[in-house]
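Novice: Start counting the sequence shown at 49; every next residue gets the next number (our numbering).
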Amino acid sequence: IQSRRILVVIGDEGVDTLTLVDVYRREKNKRSNSKWGSPFYMVRDENFNVGRQEWEVRISSGDHGYVYDQPGIFLYAKIVLLAFDVAKPESFASLGFWLNLVRKKTEKNAGIILVGIQRGKQGQSGRSVTHAEAADFAAKENLHYFDASLDVAPEDPTLGVDRVFALVEKLGR
49 IQSRRILVVI GDEGVDTLTL VDVYRREKNK RSNSKWGSPF YMVRDENFNV GRQEWEVRIS
109 SGDHGYVYDQ PGIFLYAKIV LLAFDVAKPE SFASLGFWLN LVRKKTEKNA GIILVGIQRG
169 KQGQSGRSVT HAEAADFAAK ENLHYFDASL DVAPEDPTLG VDRVFALVEK LGR
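(1) Which two residues bound the contiguous alpha helix (DSSP H) that contains Tyr185?
(2) Is the Cβ-Cβ distance between Phe132 and Val56 less than 8 Å?
(3) Applying the criterion that 16 or more other CB atoms from any shown protein chain within 10 Å of the CB defines a buried residue, is Thr206 buried or exposed?
(4) Determine the DSSP secondary structure at Gly159, reduced to helix, strand or coil.
(5) Rank Ile165, Arg53, Ser197 by C-alpha distance to the C-alpha of Asp60 and give the top, closest one.
(6) Rounding to the nearest angstrom, what Cα-Cα distance links Ala158 and Leu129 in this structure?
(7) Does Arg151 pass the burial test, meaning 16 or more other C-beta atoms within 10 Å, or should it be called exposed?
(8) Decide if Phe185 is buried, meaning its Cβ has at least 16 other Cβ atoms within 10 Å, or exposed.
(9) Write down the C-beta distance between Ile58 and Tyr124 rounded to the nearest angstrom, noting that I regard them as a contact closer than 8 Å.
(10) So, are the CB atoms of Leu191 and Leu162 less than 8 Å apart?
(11) Are the Cβ atoms of Phe140 and Val177 separated by less than 8 Å?
(12) Could you spell out where the alpha helix (DSSP H) holding Asp210 opens and where it closes?
(13) Is the CB-CB distance between Arg221 and Phe194 below 8 Å?
(14) Using the Cβ count rule (16 or more neighbours within 10 Å means buried), how would you classify Pro202?
(15) In whole angstroms, give me the CA-to-CA distance for Ala135 and Ala180.
(16) Give every residue of the same chain whose Cβ lies closer than 7 Å to the Cβ of Leu147, excluding the five residues on either side of it in the sequence, and list them in chain order.
So this is what it looks like as structure tokens:
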């Protein structure tokens, strides 16, 4: 079991954690038999490929109490994508809670990637949390950080989710 690559994607209710992974999977035509599109409250145990690596993906978002009811979500996690909505200051403010939970529930060597989710293209996001604020938080907490938009092509060099999953692949080696 510990040799499996497990990716956990987590964030506040309303953060498109499922879509973040689905955009990548759909655009790359990964595992056509995967079943996606469930409500965010559904924890999914699905496999998909990142590069040449196969990952089991566990996705959850919602209120804090709900995640506590999912004790196995972090079991053997190799990487955690911690997502927040750049247009909602309250989503950014809750990162301390989520980060403490992740660090408490995962093994010490698990990689954590902070992802600021936005809608629209560069400069169109209605963002309340600046890139500098999020990057500063990530630096203080020793996290990797990316901004990503679900409204641009995955391969977009500034906001595409491919950049996030390239790091997932690198850390998964």
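Don't be surprised by glycine CBs; every beta carbon is placed ideally from N, CA and C.
Specialist: In short:
(1) In the sequence shown, counting from the first residue as 1, residue 185 sits at position 137. Contrary to the premise, residue 185 reads as Phe rather than Tyr in this sequence. Segment 179-188, the alpha helix (DSSP H) holding Phe185.
(2) Residue numbering aside, residue 132 sits at position 84 when the sequence shown is read from its first letter. Residue numbering aside, residue 56 sits at position 8 when the sequence shown is read from its first letter. Not a contact, by the Cβ cut-off of 8 Å.
(3) Sequence index remark: in the sequence shown, residue 206 carries index 158 (1-based). Its Cβ having fewer than 16 others within 10 Å, Thr206 is exposed.
(4) Within the sequence shown, numbered from 1, the residue matching residue 159 stands at position 111. Correct three-state label for Gly159: strand.
(5) Stepping through the sequence shown from its first residue, residue 60 is reached at position 12. Comparing Cα positions, the closest option is Ile165.
(6) If you number the sequence shown from 1, residue 158 lands on position 110. If you number the sequence shown from 1, residue 129 lands on position 81. Answer to the nearest angstrom: the Cα atoms are 11 Å apart.
(7) As a position in the sequence shown, residue 151 is number 103, starting the count at 1. Classification of Arg151: exposed, given that the 10 Å Cβ count is below 16.
(8) Within the sequence shown, numbered from 1, the residue matching residue 185 stands at position 137. With 16 or more Cβ atoms within 10 Å of its Cβ, Phe185 is classed as buried.
(9) Along the sequence shown, one-based indexing puts residue 58 at 10. Along the sequence shown, one-based indexing puts residue 124 at 76. Actually they are not in contact, since the Cβ atoms of Ile58 and Tyr124 sit about 15 Å apart, beyond 8 Å.
(10) Looking up residue 191 in the sequence shown gives position 143. Looking up residue 162 in the sequence shown gives position 114. Against a cut-off of 8 Å, the Cβ pair of Leu162 and Leu191 comes out as a contact.
(11) For the purposes of this step, residue 140 is taken as the residue at position 92 of the sequence shown. For the purposes of this step, residue 177 is taken as the residue at position 129 of the sequence shown. The Cβ atoms of Phe140 and Val177 sit closer than 8 Å to each other.
(12) Translated into the one-based positions of the sequence shown, residue 210 becomes position 162. Residues 210-219.
(13) Taking the first residue of the sequence shown as 1, we reach residue 221 at position 173. Taking the first residue of the sequence shown as 1, we reach residue 194 at position 146. No, these two residues do not count as a Cβ contact at 8 Å.
(14) Position 154 of the sequence shown, counted from the first residue, corresponds to residue 202. By the neighbour-count rule (16 or more Cβ atoms within 10 Å), Pro202 is buried.
(15) In the sequence shown, the residue the question calls residue 135 occupies position 87. In the sequence shown, the residue the question calls residue 180 occupies position 132. In a straight line, the C-alpha of Ala135 is about 14 Å away from that of Ala180.
(16) As a position in the sequence shown, residue 147 is number 99, starting the count at 1. So the qualifying residues of the chain are Leu130, Glu189.
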